[in-house]
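To keep things clear, I will list the structure first and then write my remarks on it.
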Amino acid sequence: MTTTTVQTDAPTFDNRQDFADELINLARANDRVVAVCNDSVGSSNLTKFREEFPDRLINVGIAEQNMVGVGAGLANAGFIPFVCAAGPFLTGRALEQIKADVAYSQHNVILCGMSPGMAYGELGPTHHSVEDFSWLRPLPGLDIVVPADGPQTRSALRNAVADPRPTYIRVGRFKVPQVSGDNAGLERGKFVVAREGTDVTLIATGTEVSRALWAAASLAAEGVSARVLNAAYLSPLDEDAIKDAARQTGGIITAEEANVAGGLGAAVASVVGQLEDGARVPMRILGLKDHFSPTGSTAFLLDHFGLSADHIVAAAREVLNRD
Amino acid sequence: MLTADASQAASWRSLRQEVLAGDADFRAEKLHERAQATRRSILKMISDSGQGHIGGDFSVTDILTVLFDAVMNVDPEDHRKEDRDHFILSKGHCAAALYSTLAHSGFFPVAELDTFMAPLSALNGHPNRVKVPGVETNTGPLGHGLPVAVGTAIGAKLLGNGTRVFVVTGDGEMQEGSNWEALMCASHQKLDNLTLIVDRNRLQQGARTEETNGLDPLDARLAAFGMEVRVVDGHNYNELIEATRPSTTGSPVAVIANTIKGKGVSFIEDRVEWHHKVPSKEQTLQAFQELS
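Chains as they are written, first to last, in our numbering: chain A, 1 to 323; chain B, 324 to 615.
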């Protein structure tokens, strides 16, 4: 029985550190691993990589369309390129390149959306990457990986090198507690069962996983058994885990640091709404909606948009009619 | 994925040897024969399917013929071998010209050209590397091929295998900003293994380039971005061969190939409406005669 618990005062970590260390490990073992960035050597934590592999870090400057095209070209020449840029500029500015040059062309480019979600807090909506799920989920053949902590970030990178394919990985900057073991291994297309439960299912991704676990602990104190699924892969989507949640528990809450139009919750709802046996289960979809984020820190904005553990608890009570 | 046609590949190989061994006049004559055969295939594909971009296909045909029949190191029977020279057609709407050139070189059977744009054909209106051998990246939206070529050239440099990368863009396509991002990167990275060829036919879909968003002085602009610029007649086979020689300065090469949109058919040449117009039966017959 999996029962992950995370103390609310647990130490927190910036996933970019694990990203940087693991990328160097992978580059040492495989000389086809290269990195491409847009003047983001520092913000992508690639300084050490550049020191060790100066020829294998291609900094194209502030030119994201070219950056993704260059990544596709490196893949075409036989390399495994990790294309690293702040999430909003990577996915927004270069979306057509991601579609045509990476996904449609099946060039094995690993797109690393650095500092995703609202990690850039007060810098505002231009610097937030909350539309990436909505923009990328429709692209056939593009994996979408959202690690919840450092070990999962490392695992996502190892998977990308072991079995190269067009992939987008969110590499978090907002500090989060560790929710998985030091040697966690993500399985492609599978959610991680972070906590077993029978009354309600909380499906969370990225920064929201620890919050869902806190919510589950609170619910347990009220006698509610909450299952927590860590949606580490959004594509391919773990439809079986969603169907099981719909059939085995009395409600589903999704939580994502992203816009709800086309994100995790929409993906889950699409599966739930089309269950072959017509099973019905109430849902609540937590995430950004209605407006661009106002000024505020990441923590403030997560609360502002209803993404705290308390909000998740409230949503669970609502679907279970326990108000 | 389509597969190679061994006998066609064999005849392409012997033709290449002949072309490379012959003198300039012989080369020009042989390559002209090949190009005209390619144009006839294009004409048939467009006439049969009722779709295509005949003007740009005909302006780029001689460039493609020279690259495949006289310049590049490629193997139709091992199209993804790592030490190949790479070719990217950034003006993907001229897929018919690329398909025809590839088929005539043995990358896949010539008979396959009859499926151009038919339901479920590998030969989509824009090229797909997943289905068509010899296609290196999927193009169609403009301004994509040059960045991918730059990345491929960086990769070839890292491998140190001496391979070269050729990319053909349209001229109207140079209005896309991504191309200029890529040019800055190419010269900064000193990609002397990269050759950009601009099919300078001076027409884009709706009007002349210089009436739309002028590109001139294109040579000076390319030079200002650090390219070694060569300006040639894009229908002169020997000039094109000469223009594709490796960089002499250590900079990437940009060839401005001055061409005529619709080259080879009198009533199509240099006329804006023939960007993607389809010839009638009568016009098709006349065009075949002019191309024979």
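Glycine included, every Cβ here is placed at the ideal spot set by N, Cα and C. Since the structure is predicted, the reported quantities are computational estimates derived from the model, not experimental observations.
- Chain-ordered, the chain B residues with CB closer than 8 Å to the CB of Phe79 of chain A read Gly478 and Leu481.
- In the assembly as shown, Glu256 of chain A is a buried residue. Its beta-carbon has 16 or more other beta-carbons within 10 Å.
- The Cβ neighbour count for Phe439 of chain B, taken over all protein chains shown within 10 Å, is at least 16; the residue is labelled buried.
- Against chain B, a Cβ distance below 8 Å from Ser40 of chain A picks out nothing, because the smallest value is about 15 Å.
- For Asn259 of chain A, the enclosing beta strand (DSSP E) has its first and last residue at Ile252 to Asn259.
- Under the 8 Å criterion on CB atoms, Asn76 of chain A is classed as interfacial with respect to chain B.
- DSSP, read as helix, strand or coil, puts Pro177 of chain A in strand.
- In the three-state reduction of the DSSP assignment, Glu208 of chain A falls in the helix class.
- Close partners of Asn461 of chain B in chain A (Cβ separation under 7 Å): Ala100, Tyr104 and Ser105.
- Within the region 18-74 of chain A, the alpha helix (DSSP H) runs of at least 4 residues that lie entirely inside it are, in chain order, 47-52.
- Listed along the chain, the chain A residues whose CB falls inside 8 Å of the CB of Thr475 of chain B are Gly73, Leu74, Asn76 and Ala77.
- By the neighbour-count definition (other C-beta atoms within 10 Å, threshold 16), Asp392 of chain B is a buried residue.
- Residue pairing by DSSP places Phe82 of chain A opposite A:Ala35 and A:Ile110 in a beta bridge.
- Comparing C-alpha distances from Asp244 of chain A to each of A:Arg158, A:Glu122 and A:Thr198 shows the shortest one belongs to A:Thr198.
- Contact note: Ala505 of chain B reaches chain A through Asn66 and Gly69, using a C-beta cutoff of 7 Å and chain order.
- The residues Val555 and Asp556, in chain order, have a CB closer than 6 Å to that of Glu562 of chain B in the same chain once the five nearest residues on each side in sequence are set aside.
- For Pro464 of chain B, the chain A residues whose C-beta falls within less than 8 Å of its own C-beta are Glu96 and Ala100, listed in chain order.
- Bridge pairing for Gly493 of chain B: B:Asp522 [DSSP].
- Counting C-beta pairs closer than 8 Å gives three or more between the region 507-524 of chain B and the region 561-577 of chain B, which meets the contact rule.
- Phe292 of chain A is classed as exposed because its beta carbon has fewer than 16 other beta carbons within 10 Å across all chains shown.
- Look at the region 230-243 of chain A: it has no residue with a C-beta under 7 Å from a C-beta of chain B.
- About 6 Å separates the CB atoms of His467 of chain B and Ala100 of chain A; that is less than 8 Å, so the two are in contact.
- Residue state for Ala530 of chain B is assigned as coil, using DSSP reduced to three classes.
- Two segments are said to touch when three or more pairs of C-beta atoms, one from each, lie closer than 8 Å; by this definition the region 173-181 of chain A touches the region 112-131 of chain A.
- Contact of Ile169 of chain A with chain B is not assigned, every C-beta pair being separated by 8 Å or more.
- Rounded to the nearest angstrom, the gap between the Cα atoms of Gly223 of chain A and Val319 of chain A is 15 Å.
- By the criterion of a C-beta distance shorter than 7 Å, Leu95 of chain A is surrounded in its chain by Trp135, once the five residues flanking it on both sides are discounted.
- Residues of chain A whose Cβ lies closer than 7 Å to the Cβ of Val471 of chain B are, in chain order, Gly69, Ala72, Gly73, Asn76 and Asp101.
- When C-beta atoms of the region 335-352 of chain B are compared with those of the region 453-460 of chain B, fewer than three pairs fall below 8 Å, so the two segments do not count as touching.
- By DSSP's assignment, His409 of chain B forms a beta bridge with B:Val488.
- The shortest C-alpha to C-alpha distance from Phe489 of chain B to any of B:Gly474, B:Tyr422, B:Val601 and B:Ala426 is the one to B:Gly474.
- The shortest C-alpha to C-alpha distance from Gly529 of chain B to any of B:Trp597, B:Ser501, B:Ser510 and B:Val491 is the one to B:Trp597.
- Looking at A:Arg137, A:Val60, A:Ala269 and A:Leu57, the one whose alpha-carbon comes closest to that of Gly251 of chain A is A:Ala269.
- Among the residues facing chain B, Ala160 of chain A is not included, as its CB has no counterpart in that chain under 8 Å away.
- Between Ile58 of chain A and chain B, the shortest Cβ-Cβ separation is below 8 Å.
- Runs of the alpha helix (DSSP H) lying entirely within the region 119-153 of chain A, each at least 4 residues long, are 132-136 in chain order.
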